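Listed in order, the protein sequences are those of chains A and X. By this note's numbering, the letter at position 260 of the first sequence is numbered 260, and the numbering carries on one by one without gaps. So the mapping is simple: this note's numbering equals the position in the second sequence, first residue as 1, plus 1000. These notes concern the structure reproduced below.
Number of protein chains: 2
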Amino acid sequence: MTYRKPIVGIVGAGQLARMTVQASIPLDIGIVLLAASPDDGAAQVTPDVLVGPPDDPAALRALAARSDVITFDHELVDPDLLASLERDGVVVWPSAATMALAQDKRRQRSELGAAGFPVPLFAPVERVEDALAFGARAGWPWILKASRGGYDGRGVWVIESPDEARATCAAALAAGTVLLAEQRLPLDLELAVLVARRPAGEMVTYPPVETVQQDGMCRELRVPAAIGDDLAAEATAMARDIAERIGLVGIMAIELFVSGGEIYLNELAPRPHNSGHWTIEGALTSQFEQHLRAILDWPLGATVPTGDAVVTINLVGEGEERDPRARIPEAVAVPGARLHLYGKAARNGRKIGHVTVVDETLAGAERVARAAESLLFGRVVAGKDGV
Amino acid sequence: MTYRKPIVGIVGAGQLARMTVQASIPLDIGIVLLAASPDDGAAQVTPDVLVGPPDDPAALRALAARSDVITFDHELVDPDLLASLERDGVVVWPSAATMALAQDKRRQRSELGAAGFPVPLFAPVERVEDALAFGARAGWPWILKASRGGYDGRGVWVIESPDEARATCAAALAAGTVLLAEQRLPLDLELAVLVARRPAGEMVTYPPVETVQQDGMCRELRVPAAIGDDLAAEATAMARDIAERIGLVGIMAIELFVSGGEIYLNELAPRPHNSGHWTIEGALTSQFEQHLRAILDWPLGATVPTGDAVVTINLVGEGEERDPRARIPEAVAVPGARLHLYGKAARNGRKIGHVTVVDETLAGAERVARAAESLLFGRVVAGKDGV
């Protein structure tokens, strides 16, 4: 009997799909992409690409016809359309229900809060009055969020005053944005926990990673996170509980706040996630391979770190005229700096790659990663500045 | 200015090209293949594929027109054709001269022996009489080799007696095979050293790897090799000397015999090589990334092992009706076993993949790798036999 390899269809073709393609090759898993454009990061590096919008029923059905299971590079998919595919027998992981929850931060807050998970004080904002009432209750400043579609600081506003609440809410509501108000917690630090679950229920978690944010965008990952064993165990248990509760299949990042020594649930991302990029070199099984295993209902992989300390630094574009790719040769000269580029032009504020370093200490790993980053962006010149 | 990524053209599309494709993605290096068939292992996983024979001038020129540098998945290329490309300004690494030497085992022996490198006793075999004379001089049994094209035990014969010498040589000479006779050394073990060199002369070497052979085919790699520091230093120095002497650009495996505590040069393979597959997880820079760096004239990468002990086991086909890919899910359940499949049907005696394990001890690494191999070939069943 001839072997037929499993085919995974991915909706979207950004860097998450690109790194999933890499993970698919050694396991001889076939990948078909539904890319918005043939120039997308993942579409550049894999042969089997359908081009079409992620919410086009015909395009999704064409992808389904080619695939044993459908999964996602992003969350910009219509859950009703996914549900109709499921009714027709298409295997969709994470499920339409999970994708619906992931897209709706307001529902995440209310359902998981009601289930007893610790969430920051929050309220839906349907009218400007809701925002003013929330500010009176939670104190100023507080955070206004789009319930859907925000990332890297987009769709998030710090509301300092009633005047700002009025102006920002009115504009966002007029644009049709579904909003929620959220307490601004004084943060000790932010964490993420990656959890993977396969259909039969087997689960694995990775050690909590510290996510260092700047202007709402994650800039650095640190493993181990600067938290005690109790907090790590609590964060991990929370990730497992949520994965089980929502019937997760695939990998999911749970983003957490730590405030006053307590954990608060921030958001769920049921897919490979920026907070898991450290696992490519830093864990025995990368998050991308783990996601493929989970959605194919294969045994999950070991999540043990490959070293004492892992640091990943996100490379954020500073304008196309300063494309760091022109300085790749300089950066790869830094011993131990593992460079990952996403095939994207260096538009300002855009994540275009990352650098991971596994070392004996976090300080050592960070020093090496920063050296590579500085060379890439031309802030220092190779052979000078002690690099 | 828009960034233009470097494009590497690879002649051939087998597993070496396939693993080079993987290494190219994070560094945003473009790959174009010249594949004999669109089903070749590397052609399955990369979008930019020309289909044509590797010795067709028009196909090679088409590849050159698309590439910044041309390199090779195998040695079945006409060096004269490569030399004509070089004369036309095409960058070919390794050079036509290096490829010519790599294809000619007889020339390797005579030139490197004359240069003072220790080689086993050998002689060219132009007539049956040469073979008989060699047996009289070197003792029986001895080894008869095709000067060109042999691999995995093909093109190698153990000659036990004058009768066998007459029969085997006559048949091979009648088929037009260029032959050499070689002393059969009593082997302590076999080694390989990987060396990479860039055009300007920078060189790096990897720690010597022990290559465990069976029926002329490498079945297992072990790092560190079971040799003392002096022998390791001697092997490494030899690899560097040869790389410099032949003006190597790219990565090269130097295969060595250890006999009576002494090192003898076996063969050169100026490309990523089976003996270097352990570097994917087992070293800071894989041999595939290192080769890309070298031929693009980028700084070379650190070659430090990522753990105390690394074992790689080659997966060798036992017939298509027993395709191990049907048992991938069982095998990936073994924690720490890193599986690499080449997208090839499991024909008998064919290398179809490998498993690498990084561990604290060679025994521990081998045990894990063997467990995965046994599951893949259905020799044990998951959940039984203590696996």
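Backbone N, C-alpha and C define an ideal beta-carbon position, used for all residues, glycine too. Just so we're clear, the structure is a prediction, and the values are computed from it rather than from any experiment.
Should residue i be labelled buried (16 or more other beta-carbon atoms within 10 Å of its own) or exposed?
i, result
"Val258 of chain A", "buried"
"Gly116 of chain A", "exposed"
"Gly1386 of chain X", "Only weak support exists for where Gly1386 of chain X lies, its pLDDT of 46 falling under 50; the value from the coordinates is given anyway. When all chains shown are included, Gly1386 of chain X counts as exposed."
"Thr2 of chain A", "exposed"
"Pro57 of chain A", "exposed"
"Ser1024 of chain X", "buried"
"Asp1028 of chain X", "buried"
"Gly14 of chain A", "buried"
"Glu1244 of chain X", "exposed"
"Ala1239 of chain X", "buried"
"Arg1271 of chain X", "buried"
"Ala1346 of chain X", "buried"
If you reduce the DSSP assignment to three classes, tell me which class residue i lands in.
i, result
"Asp78 of chain A", "coil"
"His291 of chain A", "helix"
"Phe134 of chain A", "helix"
"Thr46 of chain A", "coil"
"Ile10 of chain A", "strand"
"Asp1241 of chain X", "helix"
"Gly1113 of chain X", "helix"
"Asp230 of chain A", "helix"
"Ile1246 of chain X", "coil"
"Ile1025 of chain X", "coil"
"Val1209 of chain X", "strand"
"Gln1214 of chain X", "strand"
"Ala1372 of chain X", "helix"
"Asp1297 of chain X", "coil"
"Gly353 of chain A", "strand"
"Lys1145 of chain X", "strand"
"Asn1266 of chain X", "strand"
"Pro305 of chain A", "strand"
Taking Cβ-Cβ distances shorter than 9 Å, what residues in chain A pair up with residue i?
i, result
"Thr1279 of chain X", "Ordered by position in chain A, no residue passes the 9 Å Cβ test against Thr1279 of chain X, which lies about 13 Å from the chain."
For residue i, which residues in chain X fall below 8 Å Cβ to Cβ?
i, result
"Pro335 of chain A", "Leu1284, Gly1301, Ala1302 and Val1304"
"Gln22 of chain A", "Gln1022, Ile1025 and Pro1026"
Output, in chain order, the set of chain X residues within a Cβ distance shorter than 7 Å of residue i.
i, result
"His340 of chain A", "Pro1026"
Listing by chain order, which chain A residues have their CB less than 8 Å from the CB of residue i?
i, result
"Arg1325 of chain X", "Tyr3, Lys5 and Asp28"
"Thr1046 of chain X", "Val45, Thr46 and Pro47"
"Met1070 of chain X", "Here residue 1070 of chain X is Ile; the residue named in the question, Met, does not match the sequence. Within chain A, no residue comes near Ile1070 of chain X; the closest Cβ sits about 19 Å away, beyond 8 Å."
"Arg1018 of chain X", "Ile25"
Counting only Cβ pairs nearer than 9 Å, list the residues of chain X close to residue i.
i, result
"Gly343 of chain A", "Lys1005, Ile1025 and Asp1028"
Applying a beta-carbon distance threshold of less than 7 Å, which residues of chain A neighbour residue i?
i, result
"Arg1293 of chain X", "Val332"
"Pro1329 of chain X", "Trp298 and Pro299"
Short of 8 Å in beta carbon distance, which residues of its chain neighbour residue i, apart from the five on each side in sequence? Order them along the chain.
i, result
"Val1209 of chain X", "Leu1191, Ala1192, Val1193, Leu1194, Leu1221, Arg1222, Val1223, Ala1225, Ser1275, Gly1276 and Trp1278"
"Asn1348 of chain X", "Gly1317, Glu1318 and Gly1319"
"Pro54 of chain A", "Val11, Gly12, Leu34, Ala36, Leu60, His74, Leu76 and Val77"
"Asp1188 of chain X", "Val1258, Ser1259, Gly1260 and Gly1261"
"Arg1219 of chain X", "Val1212, Gln1213, Ile1313, Asn1314 and Val1316"
"Met217 of chain A", "Asp152, Gly153, Asn314, Val316, Gly349 and Lys351"
Can you give me the Cβ contacts of residue i inside the same chain, cut-off strictly under 6 Å, excluding the 5 residues immediately before and after it?
i, result
"Phe377 of chain A", "Pro324"
"Glu1075 of chain X", "Ala1102 and Gln1103"
"Arg1106 of chain X", "Pro1124, Ser1147 and Leu1180"
"Trp1461 of chain X", "Outside the modelled stretch of chain X, which goes from 1001 to 1387, sits residue 1461 of chain X, for which no answer is possible."
"Ala1096 of chain X", "Pro1079, Leu1082, Ala1083 and Glu1086"
"Glu281 of chain A", "Arg338, Thr356 and Val358"
"Ala365 of chain A", "Ala309, Val311, Val357 and Asp359"
"Trp1298 of chain X", "none"
"Leu296 of chain A", "Pro6"
"Leu1284 of chain X", "Ala1302 and Val1304"
I'd like the list of long-range same chain contacts for residue i, defined as Cβ closer than 7 Å, with 5 residues on each side in sequence excluded.
i, result
"Glu1373 of chain X", "Ile1313, Leu1315 and Val1355"
"Gln1108 of chain X", "Leu1101, Glu1267 and Leu1268"
"Tyr264 of chain A", "Pro118, Val119, Pro120, Leu185, Leu256 and Phe257"
"Arg1018 of chain X", "Gly1041, Ala1042, Val1045, Tyr1342 and Gly1343"
For residue i, verify whether its CB is less than 7 Å away from any heavy atom of the ligand MN.
i, result
"Ala165 of chain A", "Of ligands this structure carries none, so the ligand MN is not represented either."
Task: Contact between the stretch 231-239 of chain A and the stretch 288-307 of chain A (3+ Cβ pairs under 8 Å) - done: no
TODO: Inspect the CB distances between the stretch 1306-1322 of chain X and the stretch 1034-1051 of chain X and report whether three or more fall short of 8 Å.
DONE: no
TODO: Could you tell me whether the stretch 196-211 of chain A touches the stretch 237-253 of chain A, using the rule of 3 or more Cβ pairs below 8 Å?
DONE: yes
Task: Validate contact between the stretch 60-72 of chain A and the stretch 36-45 of chain A using beta carbons, cut 8 Å, 3 pairs - done: no
- [ ] Mind the definition here: the stretch 338-353 of chain A touches the stretch 283-300 of chain A only if three or more C-beta pairs lie below 8 Å; say whether that holds.
- [x] no
Open item on the list: Can you confirm whether the stretch 357-375 of chain A touches the stretch 331-348 of chain A when touching is taken to mean that 3 or more C-beta pairs between the two stretches lie within less than 8 Å?
Closed with: yes
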